[in-house]
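Here the protein sequences line up with chains H and Y, keeping their order.
Per the working numbering: the first sequence = residues 45 to 894.
Per the working numbering: the second sequence = residues 682 to 1272.
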Amino acid sequence: MASSAATVSIAAEWQLLYNRYYRKPEIYSLQWGRMTIDLRRHRVACAPFGGPIAAIRDDSKIVQLYAESARRKLQIFTSSGVLLSSVVWDRPGGRLVGMAWTDDHVLVCVVQNGKVYRYDIHAKPLPEFEIGTECFEQGILECAFWGNGLVVITEGNLVFCVPDFRETEPKVVRFADPEIDDPPLCVAVIEPKYTMSGNVEVLLGAGDGVLVVEEDGVQRLGEGVGPLQKMAVSQNGKYLASFTHDGRLLVIPTDFSKIMFEYSCESALPPEQLAWCGMDSVLLYWDETLLMVGPSGDPVSYTYDDSIVLIPECDGVRILSSTSMEFLQRVPDSTVSIFQIASTLPAALLYDALEHFDRRSAKADENLRLIRSSLPEAVQTCIDAAGHEFEHSRQHTLLKAASYGQAFCSQIHRDRFHEMCKTLRVLNAVRNPGIGIPLTIHQYKLLTAPVLIARLINAHQHFLALRITEYLGLNKEVVIMHWACAKITSSSAVIDEDLLKILVDKLKLWKGVSYAAVAKHADNNGRRKLAAMLVDQEPRSSKQVPLLLSIEEDNTALVKAIDSGDTDLIYLVLFRIWHKKKNATRDFFEMIQGMPLARDLFIVYTRSYDHESLKNFFLLSGQLQDVAFLLLKESWKLGVNPLASKGSPLHGPRIRVIEKARDLFRETREHTFESKAADEHQKLLRVQHGLEVSTKQAIFVDSSISDTIRTCIVLGKHQDAMKVRTEFKVSEKRWYWLKVFALATINDWETLERFSKDKKPPTGYKPFVEACIDGGQKSEALKYIPKLTDLREKAEAYERIGMAKEAADAASESNDGELLGRLKLTFGQNAAAGSIFDTLRDRLSFPGVS
Amino acid sequence: MSQIPNLDNAPINLTSIRDQSQKELLNILRNVRGRKCVVIDQTLSGPLSLLIQTTLLKENGAELRHLSSEPIQTDCSKIVFLVRCHPSLMEFILSNIQYDISKGLKKDYFIYFVPRRTVACEKVLEKDGIHNMITIGEFPLYLVPLDDDVLSFELDFAYRDVHVDGDTSSLWHIAKALHKLELSFGVIRNFLAKGSASVKVVEILESMQAEDPVDSEDVGIPEINTIILLDRDVDMFTPMCFQLTYEGIIDEILRINSGSVELDASIMGTPQDGKKVKVPLNSSDRLYKEVRDLQFGVVMQVLRERATSMKQDYADISSTQTVSELKDFVKKLNSLPEISRHINLAQHLCAFTSKPSFNGRLDIEQTILEGEAYEICFEHVEEMIHKQEPIISVLRLLVLFSITNAGLPKKNFDYLRRELLHSYGFEHMPTLYNLEKAGLLKKQELKSNWPIITRALKLIADDSSSTNPNDIAHLYSGYAPLSIRLVQHAIRSGWRSIEEVLKLLPGPMKRGGDSTTSDMRNVHANLGRPSDGRRSVALVVFIGGVTSGELSALRFLSSQEGMGHDFIVATTKVVNGNTLLETLLDTTVRN
């Protein structure tokens, strides 16, 4: 098939390793800021996934100084060689043994005496820590890193592990002693996620095999394969590539069950670097030579004049040289199927068809017809291949081919195309040399968009991060928050008001953003005023209030809590302030005195749990009557307590408390009534006590004055009743009711009648009538009913004792139609009575009564 | 019949609210694996019985107990306390755990707070470091459907808390509950609030809306158009009046608790000595639904007619020929238990309503409301005190007397208070103080506005006919409940026509939404009336409680011709004058 010259040139850049193509495009030519980094003279740490590069002059080599300071500098660059930050390296502790990036982009530097220094991407030192005294004494020989962990081997051949740097105080685990005398020939680790135990396994090249060291044991494996001079574990943790003392490259499963592959190199000199390129080949680097060895066929060899660093990625290897960043990868299948010379696969034909179409050649149509049935597959392949390209124009052409083919397909998932365009926009944006994150599509998918965004904001690329979150529809809050915090940190010279405005302008971009969290950061940066101003912007009081408390803005916290109407929040503040002002309760009381809701809640709580504090509060605020009420409450508690009501001093304590209450009531003019009542109360208790003594019956205390009188009469103690009456100035009316009812209780109808004749009762005869009817004494009742003056009452009284005629007469006399109607209802069942009412009603002819 | 009301006829989907709460409760039980002893705060058992069948709880391995100071005897090693967030309950929990410790028992403790954990409660638990032994969770039950048109926040003490103690926790609770409703049913655009508590709830609700906005895309078109909030303090008149509807009378005499009434089995015609039966009262009972809102006298007639027609049908059965006639008869027979249940109930109530004292009470209430015969009323109250009638009845009348007169002249005020203390004991001093703080019983300082209010709002009917009602006044024998008049005017004019009167009632007024537009006609057309001809839904919130009588009056309103609204009532609690005033008695209430 005719393929165009352009296509040929693409495939011409590929190298064939047995039956697989590899390519090694240059992704960046490096800037390195002011001065090129000579990799020969520098130690370099490169983070995978297109992460940053840290470089420091190698102090283990004797190097010639050019026009540079004698003091070493730690410099941090992007993958595109843009200087991000630098700091003078003046850390004590001896030689720098190891340096690497963690997954969170923290640079970890291990020095000889076991000190670990950490830096963020902005070369800002983070808390340092020590691995331990043995490391300090013996010195560190070697170290190996993975993800967020570190393993060190001391000069005394002890193994220590730091499993997780993310902890604030990273812990150090001492591994089992490998018990070797000579230092290991080489070191490698298998990441915890690939081991059976879930903990890291350390591989030490020792003797003619490997020691697998773990926390609780050492295992000797692969005896006789070695001695091994160099090892590299594959990306999936399953295989080990190793270089033997006699110049063989071995690939062995990490369980050492067999040798999968062996290749004899020309030189027995171990390579400087050994790395896996994806899962398909292994790279060996000696000075100026890079050898790529595959499972079969002849290796591919590259030559470099310059020193290089191999950076293994999950789908290839990045090659850093002093001048460029290259990416060596196996050419993806989709790309091969399109660009392989003389490919007749559908995707290649589709790509070809587009070229014809652009040239207005009829061959375009011919090509399409050839692949009609496999067009969707061809489209998909073009889309896929576009994703694997770094070069914009090639992405563009491939997508165009896909789009062209898509036009002829009825059934195809068009969202794949859109998805790819979206992904490529993101990738192109971060690959831009200014940003310098050369992610492949595969790496991007593995890393995920949120992690990429986290890395961008970590590198202070907030704007891009924000645009990407917007573009992908992700949560912007994390970006905005991080920006705000970073802004505060870096704006120490900006005055609070201006900074607030800058911050709020951006924070309002996201509705749910937590001002409280930003305020907390401001407070941690020593900007309390700014913090307070930010808290003020926070709409959620539940977040505002605790923060205000933590920045000691107690008063504002209380005001805000009250504003929120959330009583729980108010209590939170109240308890906190109260606790703080334990020794200055007066201040506290004065503070809440001006805030009614806070004051009331305080009262509600203390009324149940802290009477003493409440009394103090009332005394201070001059609410003497409230203190008095509290005392009254206490006095009843004393009354309930059975111990208090026994013995001669009997109600002594109780009476004294009531007297105290009385005196407090007296202090204010508005509470004369209460003071009199309290006075009567204590008097009553004394009287009742006396009665209990004289009657030897404990039935008086805690009953009311009226009840006391009734009890006296019921007991026949008329004199005592009279005494109580006089003592408490009981009115005539009440006296009559009480006495009548008491006499009825004991069925003393004679005395009752005599009493009725004493004088004209001030209550009328109603009490007598009611008492008799209630007591079921119809004949007694009849003595008093005629004396009732109120006709309605009279009618009702007759009604109650079933005397219909008399009731009707009284009712008709009173001219009360409604009453008459009701009486008729009551007496309705009785025919004789019914006729009485009918006659009466006719006579009166009341309207509306049925 | 279940105590759990059927909610299918509710104007909005109340079932979903209940299902949600049910699910949350079951999740709590499932999260505590295995057998467990669930210890419930007594006051929660009412609301819970409206939510879930106890069998369902037992199916989830729960052994049910009530919380008290007495230690719980159980062999379960997992104890789940389900309690309201009230500090005094924490004392019980503490003493229970301390008991177990003293016995050397090792158990797992869980506390689920209803509706949320609070600092004050946890502070009590901090004692002796016991809170370290407890797993704390929340059961966010902010409201329970009582019926297909009534929601309850189950805040028994809301009126007292707010108007006596100044503790506004319940207002936050209400706002939270309303906000949760909005999250399911959409933002309620129009609001009208009267009274200090109402306005405060609106303010809290507004700040909640700002903090946690309702996503209108999630909830669709708002289902509730208007919310009317009434602080009980605005109308304390109505609850002080004796209720005369069927449901009202049942509540007054027998006390309805969380939608059911407990009474002696003998009343229901099943003579078992001393045994109590629980009779659910909600609209799932079709006969009850029909008669609950009618005047008691009318109910008696309806029941009599039903019984007579049953009897007639029974007599006719011998001549019945066709199967379909038989089927009809059997269908009617099915309603027999309902009829007999209500006849039994009504008969029992009659024993009270036929007493002369009952009529006397109604008469004096009427006289007080009419506000003309001060001396008669005064003497009546005085006599009640002298006769030592139940204090709660005395206070109820006294409060009505005091608030209609804007307080009592100092001489009478002091005299009656003294007579009260002499008759019922000095331990009622704090009660009087509470009543004074709430403004329910006080010294007269200004002239009363009550006559102006009654005239302006036509609260006292000129002639009332209880059998042919055309105004809500018939339900109270000639008194139109003030609260319901306010609802009526809210719907009619957004309160624009009665602004002057509103100023005479306690507390501020606030309104918002469409009802704030100045064009009156627009208001009238818009106040929640959707254009598609659907009846719009108005939520009426009573802060401090609502009476059954008022609920009946609202149902009456919505059944009126030309009324384009369905009402849903949300209340802190269904109350009556007695239950409301009982919360103010310091001798019987909490600590």
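Ideal Cβ positions, reconstructed from N, Cα and C, are used throughout, including at glycine.
Among residues of its own chain, excluding the 5 on either side of residue i, which ones have a beta-carbon nearer than 7 angstroms to its beta-carbon?
i	result
K659/H	V671 and L674
R863/Y	Looking at the sequence provided, one finds Glu at residue 863/Y rather than Arg. Excluding residues within five positions, the ones whose Cβ falls inside 7 angstroms are I869 and V895.
Here's the rule I'm using: 16 or more other beta-carbon atoms within 10 Å means buried, otherwise exposed. How should residue i be labelled?
i	result
R973/Y	buried
L1014/Y	exposed
C1031/Y	exposed
S856/H	buried
L1017/Y	exposed
E760/Y	Checking the displayed sequence, the identity of residue 760/Y turns out to be Ile instead of Glu. Answer is buried; the Cβ neighbour count reaches 16.
P482/H	buried
S748/H	buried
Q723/Y	exposed
A1234/Y	buried
H898/H	One cannot answer for residue 898/H here, as it falls past the ends of chain H, which runs 45 to 894.
P728/Y	buried
S1104/Y	buried
P169/H	exposed
A1206/Y	For A1206/Y, the predicted model reports a pLDDT of 43, less than 50, meaning its position is unreliable; a value from the coordinates is still stated below. So A1206/Y counts as exposed.
I385/H	exposed
For residue i, collect the residues of the same chain with a Cβ closer than 6 angstroms to its Cβ; drop the 5 residues on either side in sequence, then sort them by chain order.
i	result
F866/Y	I693, E904 and I905
T696/Y	L688
N1203/Y	Only weak support exists for where N1203/Y lies, its pLDDT of 40 falling under 50; the value from the coordinates is given anyway. Result list for N1203/Y: empty, nothing under 6 angstroms.
C816/H	E824 and A825
Ignore the nearest five residues each way along the sequence and tell me which others in residue i's own chain have a CB closer than 8 angstroms to its CB.
i	result
L442/H	I382, Y395, C426, I427, A429, A430 and E433
Y62/H	G338, P339, S340, G341 and D342
_Count Cβ pairs between the region 895 to 908 of chain Y and the region 1013 to 1027 of chain Y that sit closer than 8 angstroms; are there 3 or more?_
no
*asked:* Across the region 214 to 228 of chain H and the region 252 to 265 of chain H, are there enough close Cβ pairs to call them in contact, namely three or more that are closer than 8 angstroms?
replied: yes
*Three-pair Cβ contact test at 8 angstroms for the region 156 to 172 of chain H versus the region 513 to 520 of chain H*: no
*asked:* Using 8 angstroms as the cut-off, can you tell me whether the region 765 to 774 of chain Y makes contact with the region 726 to 735 of chain Y, which would need three or more C-beta pairs spanning the two stretches below that distance?
replied: no
*What residues in the region 742 to 772 of chain H bring their beta carbon closer than 9 angstroms to a beta carbon of chain Y?*
D746, S747, S748, I749, S750, D751, R754 and F772
_Contact set between the region 1083 to 1117 of chain Y and chain H, restricted to residues whose Cβ is under 8 angstroms from the partner_ = Answer in chain order: D1095, R1098, R1099, E1100, L1102, H1103, S1104, Y1105, G1106, F1107, E1108, M1110, P1111 and Y1114.
_Check whether the region 135 to 154 of chain H and the region 525 to 541 of chain H are in contact - that is, three or more C-beta pairs closer than 8 angstroms._
no
_Quick check on the DSSP output: what are the complete alpha helix (DSSP H) runs of length 4 or more inside the region 966 to 1020 of chain Y, in order along the chain?_
967 to 972, 977 to 997 and 1004 to 1015
*Anything in the region 823 to 845 of chain H with a Cβ closer than 8 angstroms to a Cβ of chain Y? List those residues in chain order, please.*
Going along the region 823 to 845 of chain H in chain order, one finds E840, E843 and R844 with a Cβ nearer than 8 angstroms to chain Y.
*asked:* I want to know whether the region 173 to 189 of chain H touches the region 224 to 240 of chain H - three or more CB-CB distances under 8 angstroms.
replied: yes
*What are the uninterrupted segments assigned as alpha helix (DSSP H) that are 4 or more residues long and contained completely in the region 154 to 229 of chain H, given in chain order?*
With a minimum length of 4 residues, the unbroken runs of alpha helix (DSSP H) contained wholly in the region 154 to 229 of chain H fall at 177 to 182.
*Give, in chain order, every residue of the region 1063 to 1083 of chain Y whose Cβ lies closer than 7 angstroms to some Cβ of chain H.*
H1067, K1068 and Q1069
*Segments assigned alpha helix (DSSP H), at least 4 residues, entirely inside the region 1221 to 1258 of chain Y*: 1229 to 1240
*Tell me, please, whether the region 642 to 660 of chain H touches the region 1086 to 1105 of chain Y by the rule of three or more beta-carbon pairs shorter than 8 angstroms.*
no
*On the three-pair Cβ rule with 8 angstroms, is the region 781 to 798 of chain Y touching the region 914 to 934 of chain Y?*
no
*Anything in the region 626 to 653 of chain H with a Cβ closer than 9 angstroms to a Cβ of chain Y? List those residues in chain order, please.*
P640, L641, R643, D644, L645, I647, V648, Y649, R651, S652 and Y653
_Interface residues of the region 544 to 578 of chain H facing chain Y [CB-CB below 8 angstroms]_ = K555
*Could you name each continuous alpha helix (DSSP H) segment of 4 residues or more that falls completely within the region 602 to 663 of chain H, going from the start of the chain to the end?*
611 to 624, 629 to 637 and 640 to 653
*asked:* Give the list of continuous beta strand (DSSP E) stretches no shorter than 3 residues that lie fully inside the region 52 to 111 of chain H.
replied: 59 to 61, 64 to 67, 70 to 73, 86 to 90 and 97 to 101
*Run through the region 503 to 567 of chain H for me and flag every whole alpha helix (DSSP H) of 4 or more residues, listed as ranges in chain order.*
506 to 516, 521 to 534 and 540 to 551
_the region 853 to 862 of chain Y contacting the region 818 to 836 of chain Y, beta-carbon criterion three pairs below 8 angstroms_ = yes
*Would you list, in chain order, the members of the region 1234 to 1258 of chain Y that have their beta-carbon closer than 7 angstroms to a beta-carbon of chain H?*
Here the close residues number zero.
*asked:* With a threshold of 8 angstroms, are at least 3 pairs of Cβ atoms found where one atom belongs to the region 71 to 81 of chain H and the other to the region 123 to 133 of chain H?
replied: The count of Cβ pairs closer than 8 angstroms, one atom from the region 71 to 81 of chain H and one from the region 123 to 133 of chain H, reaches three, so the stretches are in contact.
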